[in-house]
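Visitor: Just so it is clear: in the sequence shown, position 127 is 127 by full-length UniProt numbering, and no numbers are missing. Glycine is no exception: its CB is placed at the ideal position from the N, C-alpha and C atoms. If you're wondering where the values come from, they're calculated on a predicted model, not measured in any experiment. Structure provided below as structure tokens; questions to follow.
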Amino acid sequence: MLKSGQSTVRSSFKPSVKSKWLFFVAFVLSGLCWFGAAPASARPLVTAIPATGLTAPSSTAPTAEILMASKPLFSFSGKRPDNLGVKAGKLAACPNTPNCVSSQAPAGDTEHQISPLTYQSSPSDAMAKLKSVIAGIERTQIITETGDYLYVEFTTALMGFVDDVEFYFDPSTPGQIQVRSASRLGQSDLGVNRKRIEEIRAKLAAS
């Protein structure tokens, strides 16, 4: 019972329907996190260390992120060409599009022509070094391998475009590796195929 002179004080705060709804959603999500039912993006990336109460980074999410990072976000691989390989001592000729380089292209074809790779060791040692260099490049897969020929697929990081790259140890030109690198799809490659061969050349020289 109020005494004379006293007045009641009423709060002017009245939660809106929206704020109540947001509070409810936050409460539900926090409960899901505690019970392990929340999606991975909502779960804390820590796990408890038994008997210490300390926390350590979770091993599950980072592993998944690493695996995701090693694969393209999209896949525009296209169809594997059926004209690859060595025929009569020659790799397939480059198409008219600029997204291909070949050491067997005519000397006057500056758009496609590139110098062959060279080596000073035996062909078998050079092949081993070449495979080692390729193994150190991400998103590569050896498709065909013989004693004097190597066919490798190179896949781009984001879109998953595939380039078909061939290496041929031509017995008629000792100390040289004939090369062909071509994009499977599209027209221009912005110089990617030529740059790739030059990078492989530099790594072989340094090995």
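Could you tell me the distance, in whole angstroms, from the CA atom of T144 to the CA atom of G108?
Guide: Rounded to the nearest angstrom, the two C-alpha atoms are 30 angstroms apart.
Visitor: CA-CA distance, R196 and Q113?
Guide: In a straight line, the C-alpha of R196 is about 14 angstroms away from that of Q113.
Visitor: Which residue's Cα is closest to the Cα of K79: E138, R184, S207?
Guide: Checked all of E138, R184, S207; the closest Cα to K79 is R184.
Visitor: For the segment 187 to 204 against the segment 89 to 106, do three or more pairs of beta-carbon atoms, one drawn from each stretch, fall closer than 8 angstroms, so that the two count as touching?
Guide: In short, these stretches touch, since the Cβ pair count reaches three.
Visitor: Measuring only between beta-carbons, confirm whether S121 sits less than 8 angstroms from chain B.
Guide: The chain labelled as chain B is not found in the depicted structure, where only one protein chain is given.
Visitor: Which of the three DSSP states is assigned to R180 in this structure?
Guide: The answer is strand: DSSP assigns R180 an E or B state.
Visitor: Rounded to the nearest angstrom, what separates K129 and A93 at their Cα positions?
Guide: Whole-angstrom Cα-Cα distance: 26 angstroms.
Visitor: What do you get for E111, buried or exposed, if any count of 16 or more other CB atoms within 10 angstroms of its CB means buried?
Guide: So E111 counts as exposed.
Visitor: Which of the three DSSP states is assigned to P86 in this structure?
Guide: Looking at the sequence shown, residue 86 is not Pro but Val. Three-state result, V86: coil.
Visitor: According to DSSP, what are the bridge partners of Q113?
Guide: Q113 is bridged to S102.
Visitor: Let me confirm a value: M127 is counted as buried when at least 16 other C-beta atoms fall within 10 Å, else exposed. Which label applies?
Guide: Buried, by the Cβ-count rule.
Visitor: Between A182 and the rest of its own chain, which residues show a CB-CB distance below 7 angstroms, the 5 nearest in sequence each way excluded?
Guide: Cβ neighbours of A182 beyond the five flanking positions: C94, N99, C100, D163, D164, N193.
Visitor: DSSP state of I153, grouped into three classes?
Guide: Just to set this straight, residue 153 is Glu in the shown sequence, not Ile. Strand at E153.
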